[in-house]
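**Q** Chains F and Z are the protein sequences, given in the same order.
Taken in order, the first sequence gives residues 368 to 599; the numbers are from this note's numbering.
Taken in order, the second sequence gives residues 368 to 599; the numbers are from this note's numbering.
Built from N, CA and C at the ideal position, the CB exists for glycine as well.
Protein chains: 2
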Amino acid sequence: MGRRAAIHDRAFDRGEFHSQLAKWRTSVAASKGQPICQPNRLADYWWHVESGLVRQVRLQSSGLRCIHEFFLPHEWFVCDGISEDTVIEAVCDGTVLGRYGRFDLERLAVEDVAIAQILRDARNRQTARAEEHIFNLWHRRSVEKVRVFLDQMRARLPARSDGFTPLPMSRYDMADYLGLSVETVSRALSILRSRRVVEFDGVRTLKIAHGLDDHFPLFVPPPPRASGARVA
Amino acid sequence: MGRRAAIHDRAFDRGEFHSQLAKWRTSVAASKGQPICQPNRLADYWWHVESGLVRQVRLQSSGLRCIHEFFLPHEWFVCDGISEDTVIEAVCDGTVLGRYGRFDLERLAVEDVAIAQILRDARNRQTARAEEHIFNLWHRRSVEKVRVFLDQMRARLPARSDGFTPLPMSRYDMADYLGLSVETVSRALSILRSRRVVEFDGVRTLKIAHGLDDHFPLFVPPPPRASGARVA
DNA sequence: ATGGTGTCTTGATCGAGATCAATGAAATGA
DNA sequence: TCATTTCATTGATCTCGATCAAGACACCAT
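The structure is reproduced here in structure tokens:
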């Protein structure tokens, strides 16, 4: 379960539920950096990303900007119980979402098990992602954080035919998601490239070697101690 | 919403729903360090902590032990979409939970709005806590992490009449929750004590000054540079 | 008593990552 | 076209926290 669940809902994407859902849908478009909704209305809707990229951001008084989550095309999300200083913004131009009243949708779900399933899956996936995020922030080194993040994006984003995946977000966004500085993210990417873990085609398009589940140490352990003795 | 929500459900604790829920309840007791359920059955139930303390733990192959969440007396939780290597354990002896079949409880909730409200609140609180946890792990310094953690515990745990709060968990548990080493947690507590932010009565019982929302720097910025010039 | 174990604290050292700074590359707009 | 701004990379320095190490303290059993 959880991590192995489908990325998006096949049945929905085949269009089988469009007819039922379409009349409840309101289209919301936003360009780069714009919020998609007034904060106090956020929790009243279910959202479905149709194109572009969306981020859930929390601003600190100090100016630090914590990105809690990204939502990619075909993903559903709902903003239950989030803190008041959280906003949902478009990351890039041309971002479009479908907006559905929660009351309407959840009433539909009582009658229609397929719709109920979409909502339940979306919830579970949001929970699972939050846990992965906690785990990733918890005790990992910067290079591992970045590698795991890229691997997650590879799984959630469509790849080009040549296997390269275009990332829709900037280094700053990655840094604010991973709790690192931009410089550290950039350095981590350079290290991963030098280790042939990722291959670049331009700055934001890359191919990620996956299946590496182990941590691999960044540096070899230092020599015991530079005492008087020296190697010939 | 979210952070300001009631800690536990008043109506439930007044016993008004006991009569309805009691027949679905199975009592589960566990002593220190014991799991409360087989991992593969975890997601089949709603849980209600009645006494003691429970932790949600994820073990890494390397031996690191990430504590995702604590659940305190009177709190409900459900294990949707969690990863397979997660276990729920009692933190201390004498931990007792009520276990309710999800199917049963959620069918009850369709008819009974009060029960539905309990479950919805519990879900929202779990989401909100996960977000707070992410935020706390994200970019904070160790002393701030510990202070915020203590403040959360103050809000969730009952205080003694003299205002001191007994913490049910060890330094190791705090460390594994906050992504720090035990030593760093211990040092952070010493620093907070020396700053009069917390006051101790024994190692695990303390009073926390709250309302501090600001970060306060650990060290004063270093002098510009020890150049040739020297202060008289 | 004595030893054992688990928990908590403090000290010393070192490395990973933040920060400051500079430069380069790419997008945007006049 | 050039100017401006945003984004990305790399280097140098310094600090926070991990790690290793030792000791204090409580609790238990024998």
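#1: Do the segment 498-517 of chain F and the segment 425-441 of chain Z touch if we need at least three Cβ pairs shorter than 8 Å?
#2: Go to K512 of chain F, then tell me how far its alpha helix (DSSP H) extends in each direction, as first and last residue.
#3: Would the segment 406-425 of chain F count as touching the segment 465-482 of chain F if we require 3 or more Cβ pairs under 8 Å?
#4: Do you know how far the Cα of L547 of chain Z is from the Cα of R507 of chain Z?
#5: Using 10 angstroms around the beta-carbon of P402 of chain Z, count the other beta-carbons present and answer buried if the total reaches 16, otherwise exposed.
#6: My output table needs one value for P535 of chain F: the three-state DSSP class, helix, strand or coil.
#7: Please list the terminal residues of the continuous beta strand (DSSP E) segment that includes H500 of chain Z.
#8: For C459 of chain F, decide whether its Cβ has a neighbour in chain Z, counting only Cβ atoms nearer than 8 Å.
#9: Quick check on this structure: which residue in Z:S557, Z:D543, Z:R560 has the alpha carbon closest to the alpha carbon of L426 of chain Z?
#10: Closest Cβ-Cβ distance between D447 of chain F and chain Z: below 8 Å?
#11: Please name the residue in Z:S557, Z:S528, Z:R523, Z:D529 whose C-alpha comes closest to that of W443 of chain Z.
#12: Assuming M541 of chain Z and V552 of chain Z make a contact with CB atoms under 8 Å, what is their CB distance in whole Å?
#13: Using 8 Å as the limit for Cβ to Cβ distance, is I501 of chain Z near chain F?
#14: Can you list, in chain order, the residues of its chain with a C-beta nearer than 6 Å to that of K574 of chain F? Leave out the 5 residues immediately preceding and following it.
#15: Determine the DSSP secondary structure at R562 of chain F, reduced to helix, strand or coil.
#16: Chain Z beta carbons: is any one of them nearer than 8 Å to that of M368 of chain F?
#17: Sorted by chain position, which residues of the same chain lie with C-beta nearer than 7 Å to A593 of chain F's C-beta, five sequence neighbours on each side aside?
#18: Assign G400 of chain F to one of two classes, buried (16 or more other C-beta atoms within 10 Å of its C-beta) or exposed (fewer than that).
#19: At the level of alpha carbons, what is the spacing between E451 of chain Z and A495 of chain F?
#20: Mind pulling the chain Z residues with CB within less than 8 Å of G546 of chain F?
#21: For H415 of chain F, which residues does DSSP report across the bridge?
#22: In the DSSP output, what is P402 of chain F paired with across the bridge?
#23: Does any CB atom of chain F fall closer than 8 Å to the CB of P591 of chain Z?
#24: Below 7 Å on C-beta distance, what does R492 of chain F contact in chain Z?
**A** Working from what's here:
#1: yes
#2: Working through the first sequence from its first residue, we reach residue 512 of chain F at position 145. 509-523 is the span of the alpha helix (DSSP H), which, as asked, contains K512 of chain F.
#3: yes
#4: Here residue 507 of chain Z refers to the residue found at position 140 when the second sequence is read from its first residue. Here residue 547 of chain Z refers to the residue found at position 180 when the second sequence is read from its first residue. Near 11 Å, if we compare the C-alpha coordinates of L547 of chain Z and R507 of chain Z.
#5: Reading the second sequence from its first residue, position 35 is the one you call residue 402 of chain Z. Exposed is the call here.
#6: Against the first sequence, residue 535 of chain F aligns to sequence position 168. Correct three-state label for P535 of chain F: coil.
#7: Mapped onto the second sequence, residue 500 of chain Z falls at position 133. From DSSP, H500 of chain Z is part of no beta strand (DSSP E) but of the alpha helix (DSSP H) over 480-505.
#8: As a first step, residue 459 of chain F is located in the first sequence; it is residue number 92 there, counting from the start. Not closer than 8 Å to any Cβ of chain Z, the Cβ of C459 of chain F fails to qualify, so no.
#9: Reading the second sequence from its first residue, position 59 is the one you call residue 426 of chain Z. It is Z:D543.
#10: To locate residue 447 of chain F, count along the first sequence from 1; it is residue 80. True, the Cβ-Cβ gap to chain Z drops below 8 Å.
#11: Along the second sequence, read from residue 1 onward, the residue named residue 443 of chain Z stands at position 76. Nearest C-alpha to W443 of chain Z: Z:R523.
#12: The count along the second sequence starts at 1 and reaches residue 541 of chain Z at position 174. The count along the second sequence starts at 1 and reaches residue 552 of chain Z at position 185. About 5 Å separates the two Cβ atoms, so the contact holds.
#13: Looking up residue 501 of chain Z in the second sequence gives position 134. At least one chain F Cβ lies under 8 Å of I501 of chain Z.
#14: Start at 1 with the first residue of the first sequence, and residue 574 of chain F comes out as number 207. Excluding positions up to five away in sequence, the list reads G530, F531, E566.
#15: Indexing the first sequence from 1 puts residue 562 of chain F at position 195. Coil, per DSSP.
#16: Numbered from its first residue, the first sequence carries residue 368 of chain F at position 1. For M368 of chain F, the pLDDT reaches just 35, beneath the cut-off of 50, and the residue's location in the model is therefore unreliable, although a value from the coordinates is still provided. For M368 of chain F, the answer is yes, since a Cβ of chain Z falls inside 8 Å of its Cβ.
#17: For the purposes of this step, residue 593 of chain F is taken as residue 226 along the first sequence, with counting starting at 1. With a pLDDT of only 33 at A593 of chain F, under 50, the local geometry of the prediction cannot be trusted, and the value read off the model is given with reservation. Answer for A593 of chain F: no residue qualifies.
#18: Counting from one through the first sequence, the residue named residue 400 of chain F turns up at place 33. With fewer than 16 other Cβ atoms within 10 Å, it is exposed.
#19: In the second sequence, counting from the first residue as 1, residue 451 of chain Z sits at position 84. In the first sequence, counting from the first residue as 1, residue 495 of chain F sits at position 128. The alpha-carbon atoms of E451 of chain Z and A495 of chain F are separated by roughly 11 Å.
#20: By one-based count along the first sequence, residue 546 of chain F stands at place 179. Under the 8 Å cutoff, chain Z gives L504, W505, H506.
#21: Here the question's residue 415 of chain F lines up with position 48 in the first sequence. According to DSSP, H415 of chain F bridges with F:W443, F:G465.
#22: Within the first sequence, numbered from 1, the residue matching residue 402 of chain F stands at position 35. In DSSP, P402 of chain F forms a bridge with F:E456.
#23: To locate residue 591 of chain Z, count along the second sequence from 1; it is residue 224. In this predicted model, P591 of chain Z has a pLDDT of only 36, less than 50, meaning its place in the structure is not dependable; the value taken from the coordinates is given anyway. Taking Cβ atoms only, chain F never reaches closer than 8 Å to P591 of chain Z, which makes this a no.
#24: In the first sequence, the residue the question calls residue 492 of chain F occupies position 125. Chain Z residues near R492 of chain F: G448.
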